[in-house]
Structures are given as structure tokens and as C-alpha cells.
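**Student:** Protein chains in written order, with the numbering used here: chain A, 342 to 701; chain B, 342 to 701. Note that beta-carbon positions come from the ideal geometry of N, C-alpha and C, so glycine has one too. Predicted model only: the values in this text are computed from it and were never measured.
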DNA sequence: TTGTATGCGTTATCAG
DNA sequence: CTGATAACGCATACAA
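1) At the level of alpha carbons, what is the spacing between residue 601 of chain B and residue 561 of chain A?
2) At a Cβ threshold of 9 Å, is residue 393 of chain B touching chain A?
3) Residues of chain B with CB closer than 9 Å to the CB of residue 621 of chain A, please, in chain order.
4) Across which residues does DSSP place residue 504 of chain B in a beta bridge pair?
5) Between the alpha carbons of residue 452 of chain A and residue 465 of chain A, how many angstroms are there, rounded?
6) Using beta carbons (cut-off 9 Å, strictly below), is residue 577 of chain B in contact with chain A?
7) Do residue 563 of chain A and residue 581 of chain A count as a contact pair if the criterion is CB distance below 9 Å?
8) Any C-beta of chain B sitting closer than 9 Å to the C-beta of residue 403 of chain A?
9) When the distance is taken between beta carbons, is residue 618 of chain A closer than 9 Å to residue 537 of chain B?
10) Quick test of your reading: residue 674 of chain B and residue 490 of chain B, contact by CB under 8 Å. State the CB separation rounded to the nearest angstrom.
11) Should residue 404 of chain B be labelled buried (16 or more other beta-carbon atoms within 10 Å of its own) or exposed?
12) Can you check whether the CB of residue 418 of chain B is closer than 9 Å to the CB of residue 666 of chain A?
13) Cβ atoms of residue 474 of chain B and residue 571 of chain B: under 9 Å apart, would you say?
14) Taking C-beta to C-beta, are residue 646 of chain A and residue 694 of chain A nearer than 9 Å?
15) What would DSSP say about residue 498 of chain B, mapped onto helix, strand or coil?
16) State buried or exposed for residue 546 of chain A, treating a residue as buried only when at least 16 other CB atoms are found within 10 Å of its CB.
17) Please report whether the beta-carbon of residue 585 of chain B lies at a distance below 9 Å from any beta-carbon of chain A.
18) So with CB distances below 8 Å, who are the chain B contacts of residue 462 of chain A?
19) So residue 517 of chain B packs on residue 638 of chain B, CB below 8 Å; how close in whole Å?
20) Which of helix, strand or coil does DSSP assign to residue 397 of chain A?
21) Would you mind listing the beta strand (DSSP E) stretches within the stretch 566-607 of chain A that are 3+ residues and don't spill past its ends, in chain order?
22) Helix, strand or coil for residue 692 of chain A per DSSP?
23) In chain B, which residues lie with their C-beta within 7 Å of the C-beta of residue 425 of chain A?
24) Does the beta carbon of residue 561 of chain A sit closer than 9 Å to a beta carbon anywhere in chain B?
25) Of all Cβ atoms in chain A, is any one closer than 9 Å to the Cβ of residue 591 of chain B?
26) Does the structure place the stretch 379-398 of chain B close enough to the stretch 380-393 of chain A that three or more beta carbon pairs sit under 8 Å?
27) Would you report the Cα separation of residue 656 of chain B and residue 410 of chain B, rounded to the nearest angstrom?
28) Comparing the C-beta of residue 697 of chain A with each C-beta of chain B, is any distance below 9 Å?
29) Provide the residue span of the beta strand (DSSP E) that contains residue 697 of chain B, from first to last.
30) Between residue 487 of chain A and chain B, is there a C-beta pair that is closer than 9 Å?
31) I'd like to confirm the pairing. Which residues does DSSP put opposite residue 658 of chain B in its beta bridges?
32) Quick one: give me the first and last residue of the alpha helix (DSSP H) that residue 510 of chain A is part of.
33) Could you give the DSSP three-state label for residue 364 of chain A: helix, strand or coil?
34) Name, please, each residue of chain A whose Cβ falls closer than 9 Å to the Cβ of residue 445 of chain B.
35) Would you mind sorting residue 623 of chain B into buried or exposed? The rule is 16 or more other CB atoms within 10 Å of its CB.
36) Below 8 Å, can you find three or more Cβ-Cβ pairs linking the stretch 495-511 of chain A to the stretch 683-692 of chain A?
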């Protein structure tokens, strides 16, 4: 008793009957390939119109081997960073006649694995993924080996033969930290948004070896933060580095903890816009003012960044562009390109507004 | 030279061969239906594992008539309102083994039509749509008639036999306006975010008949705004009603125009969070303070609403819930329910924070 | 230009 | 419990 079984939608066969031609001719007329006499074409088109015929994409995909579907695996579509990237991706895909299937992982490895299974079974033409920090490389390798091209977004996976799109995280974090140092700050907190489980790996004395932290975005940015402090001869205090979760509330809690330290930070670098929001909220609750009491630089130029008081100083990534480039790289491969994997790093801009001020 | 033609993925046939059984047995073992001897089952599963077999969802869909795909047509996935609704939808869908295909319309009727075509051809099991104000009812009727259940989200289409999920827009707008009146405001601007084309239809003297404005959200809310003013005996000034586009910049521009009136508003009601953001930004640029110079109430409790200064007073909708309910209603129908269409109105809450203050 | 016949990878039916 | 075989709807090689 499925929909199809109650003989719902008309097929090419029905159209052909109605038009009094063979199915092949009907198919040719509808698909506008091969050659069809003008007369036949007209009749077929008329019949199709009359029956309000719509080709069955499934059947077509079985033949062509193309589903015109791109899978996109992200932590959370609600996160403005990813919804913007998805939009960029969707726009290029749409331009080329493809659609995007989005799956959320909530930074959960299990969900990520399941997403890969689903997308494989759906025979997507390719997929873009922002892998979890703990991503299972072998699973992704399996996908690639099965013939589905993969593009890594925002994050990388060491040793995976796939294109990737992102920014130079180390340089970006270094630059932002440097700016805070230039403003006279010495006690600069780093809100990573990493889960607490990562804490022991991340917070070794002097942040030693974080850059090798399985190539995570967090690790790489932490390395940039360390670079800047080291270059300025500032002693890194690991209690100023936070790995307490990526939700806004986590950041609010983190800033409360940080401000209660005997020597609290005078500036904060937050690794994404939600974390920055949490800091702002936490600061409000503590009745502290920004930038008078605490300076703040966030990652990602959220749409509210310019509308709030004070306007937020940010490290802006071209997120829409990132999605677009990911889409382009992917569609090239879907179209058959087999060039060596590229690693595309988009430029960032430090947009100075008013949330980061000179130390008082 | 498509991927499938280069003999990539193994099929049931291959698995059956490898296991030394018939395809039927293999299929039964893999699909775990019918009855298979334990011995055969083991061998099939082992063969599948060895070949890293993944069932082809396309072929399955052709038979079952179910694609396990829900289409979602929204103006813009980047808009936090819709990305949250999509998340709610995706979560229930995923629970029941379905995925969501999201298409953006940018409030463009043409794109909307095309989205419907795409989703029909893909044989989605059902679709959720937040139709454009100028939505083409016949197109949606066609979709429904073809057997694809439809749920309307956030907005309605007059006379369409489909479920719909939203809020009581008229009451919500009335309540918010009423609150501003209670705070002593008389000159209250309404930022609708409607396109300029709608202006002549919307801004008739006294906002007469807006409630019949093809049942649009904007029209209904405008009616609520009018209701409150009328009840309080306040004369409605149409120059305080804005229909100048839905982007943030449009709102910023609108507030500049409004504040330059000889008798500028002392309070503003913005019909979504992006518009509220634009107002805030415009106010900043004009060096006006909120709520001291202008009070503001916005629709939708954005995540930044509580983090900014002053925290924004909002009419909060349960957006995630809306997406979820839409998904539930839709999946019920996909499962075969043929109950009469329901119109589900979720409650709203006026969350009083600090952006709306007593008139000075 | 047109028609016939075959295949894509499943599920489902019916004998055995 | 198992195996052969027919759909599903379209594209396409080949024949007419």
C-alpha cells in the first residue's frame, strides 16, 4: 500500500501511450536527447503536460549513476558558521543542478559514522564534512575508496587523501593574540570550546605539542596563541586556557571561572562566535564591562557583531566562500577530475571594532 | 564512464555469489525479513562485510515507494529562525530514519516553484514549506494532489488543504504592541520586513483590511498591531509602518528614515530578529540609545538577545518545537494517516528584558 | 526518425 | 527454508 503501488504518478510508458509513440521516443522527447521529429515531440510534450508527468529521479539516478545530491556533514546546522557554509555550498550545488542533504553530528563520533553510512547508501555524488575532532579516519577512507569524493571543511584529518578548505588557523590565532598583546595585555585567556575530555591532551605545560593534536582546529589555534605569547616573552598560564565545552552557556561559565582567578585575565580570545556571545553574557552577569574591564576578540564575524555595544572585534573568516569553494572542488571531482588533493586556505581579516581596547 | 558503470559498489548479487547462495536468500539475510537458516545468514553477513557491501537506497526506494527523504523549502537556511526550525524537523525525521533536503527560495516565487519541481522529481515522501507571501497556491495543490503530503510552516496559504504550524500572529503582535502602549508609548513604529511591492497593499489608511492580505504573516501581525492601537484609542500613522525589505541593512535604513520624521517614533516593533538587529545597528549609527531614546521589541528570541546591552525584549516563538511538530504531522501522513488538516498554533511568550522601557 | 529489448539493484511473489 | 523471476521507471544500444 505504498504511494507508488496505488499507481499514483504517471511514467514514461503512460505518456508514450497517451501520445501514441514508443517509450523510447517519449523518453527522447522528454529528455531532449537523441533525435525526435518535431511532430512527435509536440505530442509527447502535450501528453506529459496533460498527465502532469514528472520524471522519476530515482530511476534516472540508477541509470546515470548520479544522484545530483551532495551530502554535508556538520556539527550543527544551527551554528551560524555552518549554516552559512551550507548556504555557500548549496548555492554552487544548485547552480549545477545538485541539491544538498545536511546531516548533524553534534560533535558526536557515533553520529558522524552513521551519517557516512546513510550518505553512502543514498549514493550521494560526493560529500563535504566538518569532521569531529575525534574523527575516525578509516571510515572516511572507506568512503573515498568506495568512489565518493570527500572535501574536508574547516577542519582537517591527518593523512587523508581529500581536498580541504579552511583558513590558516595558526596564523589567525597568532595574529589575534598578537593584537591583544600590542594593546598591553599580558593575561590573555583562550576559550577553545573543546570538550573537557580534550583538556589533558591540550593543557600540557606551555601547551607543548598542541600543534600535533591530531591536526584539530583547536590544537592548531592554540599553537598560534602560544606562538604569540612566546614571541612576546610572556609566560603562558595554562589555567587561562579553557576547554569546557562549545555551548554558549559553557563559555559563560568559563568566563566566570576565569574572572574568579586570583589573577584574572584582562583579555579573552574566543574561538568562535557562540563562545564570544557566552563571554559577553557572562561578563554582563558579573557586571563587568567590555572592553573597560575585559577585552574580547572573537572568531567569525556574526551578524550581531556590529550591532551590539561595544561592536565586537573579530577574526573574520569568509565562511560563505568556504562553502562555495568546498562545493566547487567537490563538483570538479564528481565531474571526473582526479587531480591531487588540494588544501585551500582562505584569507582571514582581523576586523577591529571596539571590544578590544588598551589595557587599563 | 559514470561511477556505477566502472563496477564500483558490490550488489546483492555479488554478495550472494560470494556466500554461495541465491540472491533472494542474500537479500533476506541482509534485510532481515522472511526466514533464513542461521548458517546461511552467517555466510551472507560475512560476505557482505568482506565486500563492504552497502545497500543501494535508490533501488530500495523504487520498490518501497519511500525515499525516506523530507523536502524543506525555506526562504533562507541562514536565517536563524529557519535554521532552528530545520533542526527541529531534522531531529524528528532522523529519529524515524528519514533525512531532510533543504532548498532556499530567498522569498522568490520562481525559486519556490522550481524547488517544488525538484522535490517532486526526487519523490520526497513529503515536504515542509514556509511559502513566499506571493506563493502560488495551485502549485502546492498540484503537489498535494500528486500524493505528496505538505505541511505549511510559519506561514499559511488560504484555502489550501494542508496541515500548518505556526503561532497566533495577530494575538502576538497585539500583545507586544499593547505592552509598548502600557509603557506610555504612542508613536510606535512597525517594521514589517515586507518587500516594497507590498507597500501599497499594506499601507492603506488605518491599515484597513490587512488581515485579509492573502493571509500573510506580515498582514496578520499588522492587524494585531492595529488592533492594539485602536483599542487604546491611538491614531494609527501609516508613515510609521515600514515595508522596506527583510535584510538587516533594510531595517537600519528604515529606522534612519523613521527617526528623521518630524514626529519620530518612541518605540519600535520589529517582526523578526534580523530586523531588530538592523534597528539596533541603525540606532547606534544615529548615536541614539535604547531604550532611553527608542524602545524596541523584536520577534524571535535570538541567541544574542540576552547577551547584548540592553538585553532585548522579545516575542519568543518555540521555533525548534515548530519544526518538530511540522515533522511529526508530516510523518504521520507519510505513514498513511488521512485525518483532516490541522492548524497547529504554538504559544508565544513575551520575554521582558531591558530594550523596552517607559517613555521619557 | 522510430521502436524493441535490456539493464540498473532492490523487494516481493510464488513455486519448490 | 530456498531459489528463480517479475516488477519499479528510466536510459540506451541496436535494429528497423
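**Tutor:** Reading off the structure:
1) 49 Å
2) Answer yes: the Cβ-Cβ gap between residue 393 of chain B and chain A drops below 9 Å somewhere.
3) 645, 648, 649, 650
4) When DSSP reads this structure, residue 504 of chain B sits in a beta bridge with B:492.
5) 18 Å
6) no
7) Between residue 581 of chain A and residue 563 of chain A, the C-beta spacing is not below 9 Å.
8) For residue 403 of chain A, a Cβ of chain B is located within less than 9 Å of the residue's own Cβ.
9) no
10) The distance from the Cβ of residue 674 of chain B to that of residue 490 of chain B is about 4 Å, consistent with a contact at the 8 Å cut-off.
11) Residue 404 of chain B comes out exposed.
12) no
13) Not closer than 9 Å, so no.
14) yes
15) In the three-state DSSP reduction, residue 498 of chain B falls in the coil class, being neither helix nor strand.
16) exposed
17) no
18) 395, 396, 397, 398
19) With a Cβ gap of about 5 Å, residue 517 of chain B and residue 638 of chain B count as contacting.
20) In the three-state scheme derived from DSSP, where H, G and I count as helix and E and B as strand, residue 397 of chain A is classed as coil.
21) none
22) strand
23) 419
24) For residue 561 of chain A, the answer is no, since every Cβ of chain B falls outside 9 Å of its Cβ.
25) When Cβ-Cβ separations below 9 Å define contact, residue 591 of chain B makes no contact with chain A.
26) no
27) 33 Å
28) no
29) Per DSSP, residue 697 of chain B belongs to no beta strand (DSSP E) and is neither H nor E.
30) yes
31) Residue 658 of chain B pairs with B:689.
32) 510-523
33) In the three-state scheme derived from DSSP, where H, G and I count as helix and E and B as strand, residue 364 of chain A is classed as helix.
34) 428, 431, 432, 435
35) Within a 10 Å sphere around the beta-carbon of residue 623 of chain B sit 16 or more other beta-carbons, which makes this residue buried.
36) yes
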